[in-house]
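Order-wise, the sequence lines are chains A and B.
Each step along the first sequence adds one to the number in the UniProt record's numbering, with nothing skipped, and position 44 is 44.
Each step along the second sequence adds one to the number in the UniProt record's numbering, with nothing skipped, and position 37 is 37.
Glycine included, each C-beta is placed from N, C-alpha and C at the ideal position.
Structure first, commentary second.
2 protein chains.
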Amino acid sequence: MTAKIRAERRTDALSKARIVEAAIEILDKNGEDALTFRALAAHLETGSGAIYWHVADKDYLLAAATDHIVARVMADAARGSSPRDVIRAMANGLFDAIDGHPWVGGQLSRNPWQYAVLRLMEGIGSQVQALGVPERAQFNVVTALLSFMLGLAGQYAAGARLFPRDADRAEVRKAHLGAVAAKWMELDPAEHPFVRQVAKVLPEHDDREQFLAGIDLILAGMESIQKLGAP
Amino acid sequence: MTAKIRAERRTDALSKARIVEAAIEILDKNGEDALTFRALAAHLETGSGAIYWHVADKDYLLAAATDHIVARVMADAARGSSPRDVIRAMANGLFDAIDGHPWVGGQLSRNPWQYAVLRLMEGIGSQVQALGVPERAQFNVVTALLSFMLGLAGQYAAGARLFPRDADRAEVRKAHLGAVAAKWMELDPAEHPFVRQVAKVLPEHDDREQFLAGIDLILAGMESIQKLGAP
DNA sequence: TGGATGGTTGGAACATTGTTCCATCCATGT
DNA sequence: ACATGGATGGAACAATGTTCCAACCATCCA
Numbered sequence: 001m002t003a004k005i006r007a008e009r010r011t012d013a014l015s016k017a018r019i020v021e022a023a024i025e026i027l028d029k030n031g032e033d034a035l036t037f038r039a040l041a042a043h044l045e046t047g048s049g050a051i052y053w054h055v056a057d058k059d060y061l062l063a064a065a066t067d068h069i070v071a072r073v074m075a076d077a078a079r080g081s082s083p084r085d086v087i088r089a090m091a092n093g094l095f096d097a098i099d100g101h102p103w104v105g106g107q108l109s110r111n112p113w114q115y116a117v118l119r120l121m122e123g124i125g126s127q128v129q130a131l132g133v134p135e136r137a138q139f140n141v142v143t144a145l146l147s148f149m150l151g152l153a154g155q156y157a158a159g160a161r162l163f164p165r166d167a168d169r170a171e172v173r174k175a176h177l178g179a180v181a182a183k184w185m186e187l188d189p190a191e192h193p194f195v196r197q198v199a200k201v202l203p204e205h206d207d208r209e210q211f212l213a214g215i216d217l218i219l220a221g222m223e224s225i226q227k228l229g230a231p
Numbered sequence: 001m002t003a004k005i006r007a008e009r010r011t012d013a014l015s016k017a018r019i020v021e022a023a024i025e026i027l028d029k030n031g032e033d034a035l036t037f038r039a040l041a042a043h044l045e046t047g048s049g050a051i052y053w054h055v056a057d058k059d060y061l062l063a064a065a066t067d068h069i070v071a072r073v074m075a076d077a078a079r080g081s082s083p084r085d086v087i088r089a090m091a092n093g094l095f096d097a098i099d100g101h102p103w104v105g106g107q108l109s110r111n112p113w114q115y116a117v118l119r120l121m122e123g124i125g126s127q128v129q130a131l132g133v134p135e136r137a138q139f140n141v142v143t144a145l146l147s148f149m150l151g152l153a154g155q156y157a158a159g160a161r162l163f164p165r166d167a168d169r170a171e172v173r174k175a176h177l178g179a180v181a182a183k184w185m186e187l188d189p190a191e192h193p194f195v196r197q198v199a200k201v202l203p204e205h206d207d208r209e210q211f212l213a214g215i216d217l218i219l220a221g222m223e224s225i226q227k228l229g230a231p
C-alpha cells in the first residue's frame, strides 16, 4: 500500500485543478448533497486536510467548479453573429449547462458575487451595449436578463434536487411534474384559478422554450423602450 | 423553576403558530444562520424534541415562516386599481418584505415549490390574465415575472447575508458595494469593460428602482408582443 | 374519585458535516 | 548526508438536524 502510494505520488499530485475536477465528477454523478470533503478525499485517495492546503473552503470549491462550467459556456456562445443571437446562444448554452449539471443552477442563484456570475454579466453586458441601449439603461436591462436567468436556474436546480441522477430523467421529470400538477388541481378553484389553469400545461411544457421565451420577452421590452425614447 | 414552568404551561402552550413566530423573530434579529433548533428551543424555553412534535423539519418551518410574510404582502397588494398597478404593488411589497426580512429572499429563491411561491404565481397570474394576455402566452409571461423576482430576491438575500443585522444598514451596504466596485475596477479593462463600467454606478444605485425597472421591462415586452400579435 | 391513557414535553444521544490541528513524509537545495 | 519546508493524511473538534425515549399531565372512564 505504501509502495502504491509512493508510486502514485508523481502522477497523482494534488492540485486545485484536480480537486475541482473530482468535485465536478461527484456533483454530476451523485448530486449536490454528495459533495463532502470526506467523499472528495476518498475519491482522491487522500485525507480531507490535504484538500484544504489547495482550496480555502467549500464555498470556494463550489465557486471554482461553477466557474469551470460557465467559462466554457461563455466561450462557446461568443461565436455568434448578431448581438441578439449571441445572447440567445448564451441562454441556450447556460440552459444546457444547467441541464447537464443541475448543481450549477443552485450554485449560481445562491451566490451572485462569485466569478461565474460576473462572467455572465460581462457577456450579456457587452452584447446589450452592442445593441445600442443607452448607457444609463444598460445596467437595468442586464440586471433583468441576469436575474431572470439566475432565478430560473434556481428553479430548475430545485427541481433536479428532487430526483438526483436518474437514467431516464425525462420520464421521471414528467412524472414529477404530473404529481405537482395533480396536487395543484386539488386546490380551491375559487382561490387558485390561475394556478389550476397552469397545472394543465405544466407536465407538457418545454423548459428550454420557456427559458428562451423569457429572454425574448425582456429583449422585446428593451426594444420597445428604446423606440419610445428615440423618436 | 418547576412551579414557573407549570404556571406558564397554560399560556405558553407550544403550537405551530408560536413556533413559526419565534422562528421569524430569530431570523429577523440574528439572520439566516442563527435559526437552529437549539436556539429556537432556548427561545421557547423547551427542548428541540418538543418542536418536532409540531413541525416536521427545518424546511417545513422555513417554508411556513416565508409564507407567513408573503401572505401579508399579497393581501395588501391586492387592493390596487389597474392590473399593472397591482403587479407593481406586489413587486413593491415583495421588495419591502425582503428588505425587512432578508432571509425571505433566500428562502424564496431556494425552494420554488413552497406555498409562498405558489401564492406569488397566483397573484401575478390573475393580473396578467386581467391584462388580456392570450392564454397560451400567460404561462411564459408569469414565469418570466416570477423568475425575475425570485432571482433578484436571491441576490439581495446574498447581499444581506454578508452583513447580518446592522444598525445603519444603508451605510454598511454602501461601503460593501463600494468595496465590490473597487475590486471590479481592478479587473483587466480589456477583458471586463462592461463590468468596470457598471462598477462606477454600483455603489449609488437604488435597489428598489432596479427591481421595478425589471418588472416594467418585462411588462413592456409583454405589451409589445401583444401588439405584434393583435393587428 | 382514582387510575389508566395518550397527546405532549424536555433533553440526551446519534450521525453527519465543515474545518482545524498536527505528526509525518519526501523532494529539494546546501 | 542532511536540514528545510511545502505537502500529506487522518484524527479530533464544534455545530447542526434529527431521532429516541423517559417523564409529565390533562382528560376520560370505571
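For VAL70 (chain A), the nearest beta carbon of chain B is not closer than 8 Å to its own beta carbon. In the structure shown, ASN140 (chain B) falls within a helical segment according to DSSP collapsed to helix, strand and coil. For PRO102 (chain B), the enclosing alpha helix (DSSP H) starts and ends at 102-110. Neighbours of LEU152 (chain B) in chain A, taken as residues whose beta carbon is under 8 Å from its own, are THR143, SER147 and GLY151 in chain order. With a cutoff of 8 Å on beta-carbon distance, LEU40 (chain B) and ILE24 (chain B) are scored as not near each other. Exclusion of the five residues before and after ASP76 (chain B) leaves GLY93 as the residues of its chain whose Cβ lies within less than 7 Å of its Cβ. Following the DSSP letters along the chain, one finds GLU186 (chain A) in no alpha helix (DSSP H), marked with neither H nor E. If you compare the alpha carbons of B:LEU177, B:ALA199 and B:GLY178 with that of LEU187 (chain B), the shortest gap goes to B:ALA199. Going by C-alpha positions, TYR115 (chain B) is about 21 Å away from GLY105 (chain A). Counted as a single uninterrupted DSSP element, the alpha helix (DSSP H) harbouring HIS43 (chain B) occupies residues 37-43.
A direct Cα-Cα distance of roughly 32 Å separates ASP67 (chain B) from PRO203 (chain B). Taking C-alpha positions only, ARG72 (chain B) is separated from ALA65 (chain B) by approximately 12 Å. At a Cβ-Cβ threshold of 8 Å, ARG88 (chain B) and ILE218 (chain B) do not count as neighbours. In the three-state reduction of the DSSP assignment, VAL198 (chain A) falls in the helix class. GLY151 (chain A) and GLN107 (chain A) have their C-alpha atoms roughly 11 Å apart.
Under the three-state reduction of DSSP, VAL180 (chain A) is assigned to helix. Look at ASP206 (chain B) here: in three-state DSSP terms it is coil, with no helix or strand label.
Secondary structure of ARG79 (chain A) (DSSP, three-state): coil.
C-alpha of TYR156 (chain A) to C-alpha of MET185 (chain A): approximately 22 Å in a straight line. Identification of chain B residues near HIS101 (chain A) by a Cβ-Cβ cut-off of 9 Å yields none; the smallest Cβ-Cβ distance measures about 18 Å.
Per DSSP, reduced to three states, the secondary structure at GLU32 (chain B) is helical. At a cut-off of 8 Å between beta carbons, GLN226 (chain A) makes no contact with chain B.
For GLU122 (chain B) against PHE194 (chain A), the beta-carbon gap comes to about 5 Å, under 8 Å, which counts as contact. Linking ARG84 (chain B) to ALA144 (chain A) through their CA atoms gives a straight-line distance of about 18 Å.
Chain B has no Cβ within less than 8 Å of the Cβ of VAL104 (chain A). Among the CB atoms of chain B, none fall inside 8 Å of the CB of PRO83 (chain A). In the three-state reduction of the DSSP assignment, GLU223 (chain A) falls in the helix class, which pools H, G and I.
DSSP places SER48 (chain A) within a helical segment (H, G or I) once states are collapsed to three. Shown here, SER15 (chain B) sits in coil according to DSSP, grouped into three states, outside any helix or strand.
A Cβ-Cβ separation of about 18 Å leaves VAL141 (chain B) out of contact with MET74 (chain B) under the 8 Å criterion. Counting only the Cα atoms, ILE26 (chain B) lies some 11 Å from ILE19 (chain B).
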